[in-house]
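Numbering (the UniProt record's numbering), first residue to last: 1 to 67.
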């Protein structure tokens, strides 16, 4: 079973920083407010599914399809 890690978001004037809340993972990414570009700073656990949001966001479970 794939581990699900939660990303906590912090807003700043330049963009949004998301950090994984799981100890030892270390995934961090930034979303640029002007361009909407997503930049991964630290990849963290490559075997985990990372998800999170800002504000009242509800996320459905992840469905993986194999082709």
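By construction, the Cβ of each residue, glycine as well, lies at the ideal position given by its N, Cα and C atoms.
Check: In this structure, how does DSSP classify residue 28 when only helix, strand and coil are distinguished?; Outcome: strand
Check: Which residues in the same chain have their Cβ closer than 8 Å to the Cβ of residue 33, if we skip the five residues on either side of it in sequence?; Outcome: 13, 14, 15 and 16
Check: Checking 8 Å against the spacing of the C-beta atoms, do residue 39 and residue 29 come in under that value?; Outcome: yes
Check: For a test of the three-state rule: what should DSSP assign to residue 23, helix, strand or coil?; Outcome: coil
Check: Under a Cβ-count criterion, where at least 16 other Cβ atoms within 10 Å of its own Cβ denotes burial, should residue 35 be classed as buried or exposed?; Outcome: exposed
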